[in-house]
Amino acid sequence: MEARKEPSRIITPNTIPKNVKRVYIPGEVQQLFRKEILAKKGVDIDSTTNEVVIPITREIEEVCESVRDRVVWGIYGSDGELRHITEIGDIGRLTTKDAKSFKTLYMDGLKRQPEVFGSTFQAVRLNRVKDFQTFIDENYVTGAKHHYHDENGKLQEGLVGMATLTRETGMRSHRAWFGKLYVRRAHRGRKLGQDITYHTLDHAAKQRDIAIVSLKVTTTNEAVIPFYKSIGFAEGEIEYDAARIDGYSYDWLTMQLDMDTYREIREKQGLSIHE
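Here the sequence shown is numbered in this note's numbering, starting from 95 and rising by one per residue.
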């Protein structure tokens, strides 16, 4: 997998957030900027490497949140570690080789949005890397990866988004559950969650023996429910006081998707799903 080298947009001095710690721009991208304009804003330019470090003052995630609709090629966190925010490399099925990064992202989601990870039909307790390997083997786990270069210029990749598809068994094996949809906060605002959802449901649609996909979503999640309805999910029962987390009560809305309906919607969108 190769990272895209050309940004979709160009950062100008006017789009650089004011309250940010430091933004790092690699030499190969620096040519897109007018040095004299950057220099006037007090930006240091390394004449040898042609690299730019922009002094800023905010935490890494707040930085990413503020510039999520622009191209930022690298950000230093408060710990001094260089973090790169680049284009998403690809979205696909995870393998057992991804278990460690899957565990890291899962634990991050469990900490930040525990209501998401407890709302699927099967509550799964995952602790060891081996547990995550087993989970990946037994379920369809979608992952979104992004590529970046570390401070040594070495190409790296990180897992920034995920979702799962879990089939039921026995007489209910024609049904599956979609869940654990989570995107790191720094990468939100780009419809990445929707892309992950489409990828996962497209896989389900190719399995002709899966007739129904269900999900549970908190009733307060008003941002995602309209999207689910737009791709064919129908609202079902509400389970009141379904979970209590840190003193807060959550109601869960069950939604169901008929896969024939989903395939028709995807065909209208220009995508014909085949096995």
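Glycine included, C-beta positions come from ideal geometry on N, C-alpha and C. All values derive from a computational prediction rather than experimental measurement.
Practice problem: Can you have a look at Leu365 and say buried or exposed, based on whether 16 or more other CB atoms are within 10 angstroms of its CB? | Solution: Answer is exposed; the Cβ neighbour count stays below 16.
Quiz item: On the three-state DSSP scale, how would you describe Leu365?
Solution: Leu365 carries a coil assignment under DSSP once its states are collapsed to helix, strand and coil.
Quiz item: For Thr236, which of helix, strand or coil comes out of DSSP?
Solution: Per DSSP, reduced to three states, the secondary structure at Thr236 is strand.
Quiz item: Within the chosen definition, does the region 318 to 329 reach the region 197 to 207 through at least 3 CB pairs nearer than 8 angstroms?
Solution: Contact between the region 318 to 329 and the region 197 to 207 is not established, with fewer than three Cβ pairs separated by less than 8 angstroms.
Exercise. Using only alpha-carbon positions, find the residue among Val254, Val277, Glu232 and Gly255 that is nearest to Thr263.
Key: Checking every option, the nearest Cα to that of Thr263 belongs to Glu232.
Self-check item: Bridge-paired residues (DSSP) for Ile306
Solution: For Ile306, which the question treats as bridged, DSSP gives the partners Arg269 and Asp352.
Quiz item: Under the rule that 16 or more other beta-carbon atoms within 10 Å means buried, what is Ala299, buried or exposed?
Solution: It counts as buried.
Exercise. Take Ser343 as the anchor and find which of Glu358, Asp354, Lys323 and Thr314 has the nearest alpha-carbon.
Key: Nearest of Glu358, Asp354, Lys323 and Thr314 to Ser343, Cα basis: Thr314.
Quiz item: Taking the alpha helix (DSSP H) that Ile339 falls in, what are its first and last residues?
Solution: It is not in any alpha helix (DSSP H) - Ile339 instead sits in the beta strand (DSSP E) that spans Ala328 to Ile339.
Quiz prompt | Closest Cα partner of Trp346 within the set Ser267, Thr190, Phe229 and Gly273 | solution = Residue Gly273 is the option with its Cα nearest to Trp346.
Quiz item: Helix or strand or just coil, what does DSSP make of Leu286?
Solution: DSSP places Leu286 in helix when its eight states are reduced to three.
Quiz item: What did DSSP end up calling Leu373 once you bin it into helix, strand or coil?
Solution: A query on residue 373 cannot be resolved here, the shown segment of the chain reaching from 95 to 369 and no further.
Quiz item: Residues in its own chain within less than 7 angstroms of Phe211 by CB, not counting five upstream and five downstream?
Solution: Gly203, Leu204 and Lys274.
Exercise. Specify the secondary structure class of Glu122 as computed by DSSP and reduced to three states.
Key: With a pLDDT of 39 at Glu122, under the threshold of 50, the predicted position of this residue should be treated as unreliable, and no value is reported.
Quiz item: According to the Cβ coordinates, are Asp192 and Ile230 closer than 8 angstroms?
Solution: Less than 8 angstroms separates the beta-carbon of Asp192 from that of Ile230.
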